[in-house]
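Before any comments, here is the structure.
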Amino acid sequence: MSAGVTPAGLGARDTLRLEAGLPLHGHELGEGITTLNARLGWVVSWDKGDFRGRDALERQKLNGVSPLMYGLKTEGRRPPRAEQPVLRNGEVIGQLSSGNFSPTLGYGIALAFLDPSVQVGDQVMIDQRGTQVAAEVVKLPFLSQT
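To convert, note that position 31 of the sequence shown is 31 in the UniProt record's numbering; the numbers rise steadily by one, no gaps.
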């Protein structure tokens, strides 16, 4: 392109979104997933009075939020994909909601909704069509904003 701009499509945009740890409607936001599940409680104005869904969110806060969104990084170039199960000690503890290979980081990254007992640094396995792929639970975003 004459202005020096490289064209990029939806795949590039989705990779950037994923690297930033941002949710996508239909994956990390949508029916059955609250702002608390997606770790977006900071966007809720709790002090501005009533709003649709407030009672449900307050009950969720009181009873414990489960599942919670986490970041995962994998070894190698094989991209993790949405809906793949995540296991710890052979037990399914959740599933991926988004995933891809990050060309910037050089490894696979994913967002997953997992049991809230999971901690950053935990080692888990992703079932990629019958193959167990090691992954580490990491802090989001995957890339620093600096």
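Using N, Cα and C, we set each Cβ at its ideal position, and we do this for glycine too.
Remember, it's a predicted structure, so these values are computed and weren't measured experimentally.
query: Give me the DSSP bridge partner(s) of P85.; result: Q95
query: Return the Cβ separation of G121 and G108 in integer angstroms, given the expectation that the two are a contact with Cβ distance under 8 Å.; result: With 8 Å as the limit, G121 and G108 do not qualify as a contact, their Cβ atoms being about 18 Å apart.
query: State the Cα-Cα distance for the pair Q60 and G53, rounded to the nearest angstrom.; result: 11 Å
query: Straight-line CA distance for G94 to A3?; result: 45 Å
query: Return the CA-CA distance between L24 and I126, expressed in angstroms with no decimal places.; result: 21 Å
query: Who are the Cβ neighbours of N37 in its own chain at under 7 Å, not counting the five residues just before and after it?; result: V65, P67, L68, M69, F113
query: Measuring CB to CB, does F142 end up less than 8 Å from G21?; result: yes
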